[in-house]
Amino acid sequence: MDTKVKTNKARYILLILILAIASVLYLLADRYLIEHVEGKELVTTESAITETASNVSSDDWNYKSDNVAISIEKIQTGQGKDTVTYFVADVQLSDSSSLKSAFAKDLFGQNIVEKTSEIAADNKAVFAVNGDYYGFRSDGVLIRNGVLYRDEPARVGAVLLKNGTMQTFDETDVTASSLLADGALHTLSFGPVLIKNGEVVEDFDKVSVDSNFGNRSIQGSNPRTGIGMISANHYVFVVVDGRKENYSKGMTLSEFTDVFADLGCTEAYNLDGGGSSTMYFMGRVVNNPLGKQAERSISDILYIKG
Numbered sequence: 001m002d003t004k005v006k007t008n009k010a011r012y013i014l015l016i017l018i019l020a021i022a023s024v025l026y027l028l029a030d031r032y033l034i035e036h037v038e039g040k041e042l043v044t045t046e047s048a049i050t051e052t053a054s055n056v057s058s059d060d061w062n063y064k065s066d067n068v069a070i071s072i073e074k075i076q077t078g079q080g081k082d083t084v085t086y087f088v089a090d091v092q093l094s095d096s097s098s099l100k101s102a103f104a105k106d107l108f109g110q111n112i113v114e115k116t117s118e119i120a121a122d123n124k125a126v127f128a129v130n131g132d133y134y135g136f137r138s139d140g141v142l143i144r145n146g147v148l149y150r151d152e153p154a155r156v157g158a159v160l161l162k163n164g165t166m167q168t169f170d171e172t173d174v175t176a177s178s179l180l181a182d183g184a185l186h187t188l189s190f191g192p193v194l195i196k197n198g199e200v201v202e203d204f205d206k207v208s209v210d211s212n213f214g215n216r217s218i219q220g221s222n223p224r225t226g227i228g229m230i231s232a233n234h235y236v237f238v239v240v241d242g243r244k245e246n247y248s249k250g251m252t253l254s255e256f257t258d259v260f261a262d263l264g265c266t267e268a269y270n271l272d273g274g275g276s277s278t279m280y281f282m283g284r285v286v287n288n289p290l291g292k293q294a295e296r297s298i299s300d301i302l303y304i305k306g
């Protein structure tokens with residue numbers, strides 16, 4: 001074969017490879033990096049609301065107003081490599097409207113992210129935890145602040161209702177319209193369910209993260225975030241630190257469930273964990289994300305207005 005023809009053929013093959021690699025890189029960036037605002041709606045946050053709660057008292061671990069009472073406790077168990085450090089926030093509300101949700105940058109869509117503390121500060125939150133990282137996936141039933149944003153049933157979710165209660169449900173068995181009719185304020189689509197109707201889930205061996213997260217087991221000791229309900233408008237939020245030797249190794253799902261059971265929860269649900277696990281209170285992050293004091297940027301939070 002002529003040398004010139006060989007050279008042109010090699011260049012052609014190289015060009016095809018470059019285009020293929022560029023296409024793959026673009027698809028990856030489009031999936032995981034490029035912001036996609038779904039629709040043109042700007043989500044109105046609480047940052048524009050200027051009213052302040054009356055009769056407020058607070059310190060580094062407690063807050064009390066006419067509408068909200070929050071008490072946070074740092075708990076440490078074990079020694080050495082078996083040390084576990086976690087934070088329990090007991091939250092009592094006079095009205096369910098004090099428990100809210102917010103999106104990163106006040107926008108709904110994929111790959112739109114900010115740190116928990118940034119979203120919380122923008123919304124003048126007294127208290128906040130990371131949510132379910134809805135922006136990492138394109139499915140699930142997503143209702144926030146009483147508005148339906150996504151209706152793609154995929155897994156077992158949790159719903160927070162206007163009557164101050166929390167329930168878990170199979171997204172494929174319940175319609176979004178029926179949830180709204182029942183008074184849904186917020187839905188969470190992550191899981192698994194930890195406690196349902198007072199019954200503790202005991203077997204997590206077959207539980208795995210959905211395909212968006214690589215279909216890997218989530219039963220090992222990890223940082224975790226979860227929400228539990230003791231009674232109407234009485235919630236507990238638990239954030240477990242992990243992956244730092246001699247500070248906190250994290251918890252298994254079974255250990256995490258036991259925490260909520262010991263606190264008296266009749267319902268409990270697992271939220272996004274790992275590097276996302278963050279608890280914010282009165283202008284500061286109270287836990288230590290991944291033992292590095294470094295927050296992960298996420299898509300959404302649950303928070304409390306004073």
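The opening position of the sequence shown corresponds to residue 1 in the UniProt record's numbering, with each subsequent residue numbered one higher. Cβ atoms here follow ideal geometry from the backbone N, Cα and C, with glycine treated the same way. Keep in mind that this is a model prediction, so the values were computed, not measured.
According to the neighbour-count rule (16 or more other Cβ atoms, all chains shown, within 10 Å of its Cβ), is Glu51 buried or exposed? The sequence position of residue 51 within the sequence shown is 51, counting from 1. Note that Glu51 scores a pLDDT of 47, beneath 50, so its modelled location is shaky; the value from the coordinates is reported in the next line. Classification of Glu51: exposed, given that the 10 Å Cβ count is below 16.
In the structure shown, what three-state DSSP assignment does Val43 receive? Residue numbering aside, residue 43 sits at position 43 when the sequence shown is read from its first letter. Only weak support is given to the placement of Val43: the predicted model assigns it a pLDDT of 46, under 50, and the value that follows is read from those uncertain coordinates. Three-state DSSP puts Val43 in coil, outside helix and strand.
Return the bridge partner residues of Gly291 from the DSSP annotation. As a position in the sequence shown, residue 291 is number 291, starting the count at 1. DSSP output for Gly291 lists no bridge partner at all.
Which term fits Asn222, buried or exposed, when burial requires 16 or more other beta carbons within 10 angstroms of its beta carbon? Residue mapping note: residue 222 aligns to position 222 of the sequence shown, counting from 1. Under this definition Asn222 is a buried residue.
For the alpha helix (DSSP H) that contains Thr257, what are its first and last residues? For this step, residue 257 is matched to residue 257 along the sequence shown. First-last of the alpha helix (DSSP H) with Thr257: Leu253 to Asp262.
Apply the 10 Å Cβ neighbour rule to Lys105 and answer buried if 16 or more other Cβ atoms are within range, or exposed otherwise. Position 105 of the sequence shown, counted from the start, is the residue given in the question as residue 105. Lys105 comes out buried.
Quick one: is Gly306 buried, meaning 16 or more other Cβ sit within 10 Å of its Cβ, or exposed? The residue you call residue 306 lines up with position 306 of the sequence shown. Buried, because 16 or more other Cβ atoms sit within 10 Å of the Cβ of Gly306.
Enclosing beta strand (DSSP E) for Asp90 [first to last residue]: Position 90 of the sequence shown, counted from the first residue, corresponds to residue 90. Its beta strand (DSSP E) spans residues Val84 to Leu93.
Would you decide whether Glu152 is buried or exposed? Buried here means 16 or more other CB atoms lie within 10 Å of its CB. Reading the sequence shown from its first residue, position 152 is the one you call residue 152. Counting Cβ neighbours within 10 Å, Glu152 comes out exposed, since fewer than 16 surround it.
Whole-angstrom distance between Gln76 and Asn212, CA atom to CA atom: What you label residue 212 is simply residue 212 of the sequence shown in a count that begins at 1. What you label residue 76 is simply residue 76 of the sequence shown in a count that begins at 1. At Asn212 the pLDDT is 40, less than 50, meaning the model places this residue with poor confidence; the figure from the coordinates comes in the next sentence. Their backbone Cα atoms lie some 33 Å apart in a straight line.
Using alpha carbons as the reference points, say which of Ile112, His234 and Tyr149 lies closest to Phe260. The residue labelled residue 260 in the question sits at position 260 within the sequence shown. Taking only the C-alpha atoms, the option nearest Phe260 is His234.
Quick one: which unbroken beta strand (DSSP E) runs of 3-plus residues sit fully inside the region 127-209? Chain order, please. 127-130, 140-144, 147-152, 156-161, 166-170, 184-188 and 193-196
Own chain residues within Cβ distance below 7 Å of Lys100, not counting five before or after: Translated into positions along the sequence shown, residue 100 becomes position 100. Closer than 7 Å at Cβ, skipping near neighbours: Glu46, Asn145, Tyr303 and Lys305.
Determine the DSSP secondary structure at Ala125, reduced to helix, strand or coil. Taking the first residue of the sequence shown as 1, we reach residue 125 at position 125. It is coil, neither helix nor strand.
Contact between the region 237-244 and the region 168-178 (3+ Cβ pairs under 8 Å): no
CA-to-CA distance, Gly228 to Glu267, given in whole angstroms: Start at 1 with the first residue of the sequence shown, and residue 267 comes out as number 267. Start at 1 with the first residue of the sequence shown, and residue 228 comes out as number 228. The alpha-carbon atoms of Glu267 and Gly228 are separated by roughly 5 Å.
Per DSSP, what are the beta-bridge partners of Val239 in this structure? In the sequence shown, the residue the question calls residue 239 occupies position 239. BP columns for Val239 point to Phe87 and Thr225.
Inspect the CB distances between the region 188-199 and the region 265-280 and report whether three or more fall short of 8 Å. yes
Can you name, in chain order, every residue of its own chain whose Cβ lies under 7 Å from the Cβ of Glu245, other than the five neighbours on each side? Residue numbering aside, residue 245 sits at position 245 when the sequence shown is read from its first letter. Answer for Glu245: Lys81, listed in chain order.
Compare the beta carbon distance of Tyr133 and Leu142 with 8 Å and say whether it is the shorter of the two. Counting from 1 along the sequence shown, the entry for residue 133 is found at position 133. Counting from 1 along the sequence shown, the entry for residue 142 is found at position 142. The answer is no: Cβ separation not under 8 Å.
State the Cα-Cα distance for the pair Asn288 and Gly275, rounded to the nearest angstrom. Here residue 288 corresponds to residue number 288 of the sequence shown, with the count starting at 1. Here residue 275 corresponds to residue number 275 of the sequence shown, with the count starting at 1. Their Cα atoms are separated by approximately 10 Å.
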